[in-house]
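**Q** In the UniProt record's numbering, the protein residues as written are 1 to 349.
Below: one structure in structure tokens.
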């Protein structure tokens, strides 16, 4: 007698195995299944979910085992066939793709967005000592700042002659350090949340000097709008579904990496994530400073305002067009200036 069980609807598969076993074979199957589970777990545990599907067939004596590992799986499916038995195991994978996290496209009111207009002299004086203090509080900041010293020496020899007047070593090192893998995630998480109030900035934002150096670097390196705007750049965010708010305007509210190469951004999108085609006025090509030159990175500052339009790269895609304006709720916060809204064209700095 042949008994069958199948997983036709993956979302309804139980976490527990669905087993229908012939009583005469139950004992041997349990042993085979235990051995096979161990082998399957080892192979899947080291497999990146975005890789192409692998079909592994075992032809040794005993049950014929089929493993299907989908390219972006919610489930791993295991099937075993023996005379009189069909076995189907469905279980959630540890590294499987999760439902997209919904993120609303807004003006990011809680972001720390200081442009330091009118207080650059005071910040240049205070920043070195402040940086030393903050490096003692954040180990990764200390690491990337140390590494940036060596990289800056190379960059300065190569393009130092072409850097704008007033551009200092610390500005260049901030751009270099930003591109260090993993650091920008910590920085941007803090930037997103530290503009709730002046007290939040003072007490909980531990990148004050670095934020100043990086912001100032982008201000100094920025080209005129008609130079940068005409070339589209691209940004992909994996695992996220972006939903437009009622407002037609937005800003990233953190230092947003984008690329001149669409294929680079598509890799970061990871299939169904959010995708932006961007025309920026304030973004800066930092590829000559970057640890990853092939990414052709254009870094967009926290404050730039964009108009939002539907995209042409499928669902979850948008076109962002710069208004050639910025929005800062803070200015010279380190000197004690309270939070307030401020829209307008960025002045010549």
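The C-beta atom is built at its ideal place from N, Cα and C for all residues, glycine as well.
Keep in mind that this is a model prediction, so the values were computed, not measured.
Could you name the residues of the same chain whose beta carbon sits closer than 7 Å to that of residue 296, not counting the 5 residues immediately before and after it, in chain order?
**A** 259, 260, 261, 264 and 287
**Q** Going straight from the alpha carbon of residue 107 to that of residue 201, what length do you get?
**A** 18 Å
**Q** Look up residue 164 in the DSSP assignment and say whether it is helix, strand or coil.
**A** coil
**Q** Assuming residue 222 and residue 303 form a contact by the criterion Cβ under 8 Å, report the distance between their Cβ atoms to the nearest whole angstrom.
**A** That belief does not hold up - the Cβ atoms of residue 222 and residue 303 are roughly 12 Å apart, past 8 Å.
**Q** What residue from 269, 226 and 282 has the CA that sits closest to residue 255's CA?
**A** 282
**Q** CA-CA distance, residue 174 and residue 236?
**A** 23 Å
**Q** Going by beta-carbon coordinates alone, are residue 177 and residue 144 separated by less than 9 Å?
**A** yes
**Q** Counting only the same chain and skipping the five closest in sequence on each side, list residues whose C-beta sits under 7 Å from that of residue 111.
**A** 191, 192, 195, 253, 254 and 302
**Q** Which residue's Cα is closest to the Cα of residue 165: 115, 220, 139 and 158?
**A** 220
**Q** Under 9 Å between the Cβ atoms of residue 115 and residue 280?
**A** no
**Q** Kindly list the residues whose CB is nearer than 6 Å to the CB of residue 183, restricted to its own chain and excluding five residues on each side of it in sequence; keep chain order.
**A** Answer for residue 183: 140 and 144, listed in chain order.
**Q** Below 8 Å on the Cβ atoms is my contact criterion, and I expect residue 197 with residue 339 to pass it. Report the Cβ-Cβ distance as a whole number of Å.
**A** The Cβ separation is near 6 Å, so the contact holds.
**Q** The alpha helix (DSSP H) with residue 338 in it runs from where to where?
**A** Here residue 338 belongs to no alpha helix (DSSP H), and DSSP marks it neither H nor E.
**Q** What do you get for residue 160, buried or exposed, if any count of 16 or more other CB atoms within 10 angstroms of its CB means buried?
**A** exposed
**Q** Look at the alpha carbon of residue 390 and the alpha carbon of residue 314, and state the distance between them as a whole number of angstroms.
**A** One cannot answer for residue 390 here, as it falls past the ends of the chain, which runs 1 to 349.
**Q** Which ranges would you report for the beta strand (DSSP E) in the stretch 214 to 282 if only whole runs of at least 3 residues count?
**A** 233 to 237, 240 to 244, 256 to 259 and 274 to 279
**Q** Name the DSSP beta bridge partners of residue 289, please?
**A** Answer by DSSP bridge pairing: none, since residue 289 is not bridged.
**Q** For a test of the three-state rule: what should DSSP assign to residue 197, helix, strand or coil?
**A** coil
**Q** Since residue 310 is in the beta strand (DSSP E), which residue starts that stretch and which ends it?
**A** Taken as a continuous stretch (DSSP letters only), the beta strand (DSSP E) holding residue 310 covers 304 to 310.
**Q** Would you identify the three-state DSSP class for residue 148, choosing helix, strand or coil?
**A** Helix.
**Q** Comparing alpha-carbon positions, which option in 231, 135, 205 and 298 lies nearest residue 333?
**A** 205
**Q** Indicate whether residue 328 and residue 278 have their beta-carbon atoms separated by less than 9 Å.
**A** no
**Q** Let me know if residue 335 comes out buried or exposed under the rule of 16 or more other beta-carbons within 10 Å of its beta-carbon.
**A** exposed
**Q** One question on the structure: do residue 249 and residue 306 come within less than 9 Å of each other, judged by their Cβ atoms?
**A** A contact, by the Cβ cut-off of 9 Å.
**Q** Spatial neighbours of residue 275 within its chain, please: CB distance less than 6 Å, with the 5 preceding and 5 following residues excluded, ordered by chain position.
**A** Once the five neighbours on either side are set aside, the close Cβ partners of residue 275 are 236, 269, 313 and 317.
**Q** Would a C-beta distance cut-off of 9 Å place residue 103 and residue 242 closer than the cut-off?
**A** yes
**Q** Compute the beta-carbon to beta-carbon distance between residue 308 and residue 105, rounded to the nearest angstrom, for a pair I have assumed lies under 8 Å.
**A** 6 Å
**Q** Would you report the Cα separation of residue 207 and residue 109, rounded to the nearest angstrom?
**A** If you draw a straight line from the Cα of residue 207 to the Cα of residue 109, it comes to about 19 Å.
**Q** Throw me the rounded Cβ distance for the residue 401 and residue 130 pair, which I believe falls under 8 Å.
**A** Any property of residue 401 remains undetermined from this structure, which presents the chain solely from 1 to 349.
**Q** Assuming residue 229 contacts residue 170 (C-beta within less than 8 Å), just tell me the rounded distance between them.
**A** Between residue 170 and residue 229 the Cβ distance is about 29 Å, and since that is not below 8 Å, they are no contact.
**Q** In this structure, how does DSSP classify residue 317 when only helix, strand and coil are distinguished?
**A** The three-state reading of DSSP puts residue 317 in strand, counting E and B together.
**Q** Please return the same chain residues whose Cβ sits closer than 6 Å to the Cβ of residue 225, not counting the five positions on each side in sequence.
**A** 281 and 324
**Q** Roughly how many angstroms separate the alpha carbons of residue 132 and residue 239, rounded to a whole number?
**A** 36 Å
**Q** How is residue 325 classed by DSSP in three states: helix, strand or coil?
**A** strand
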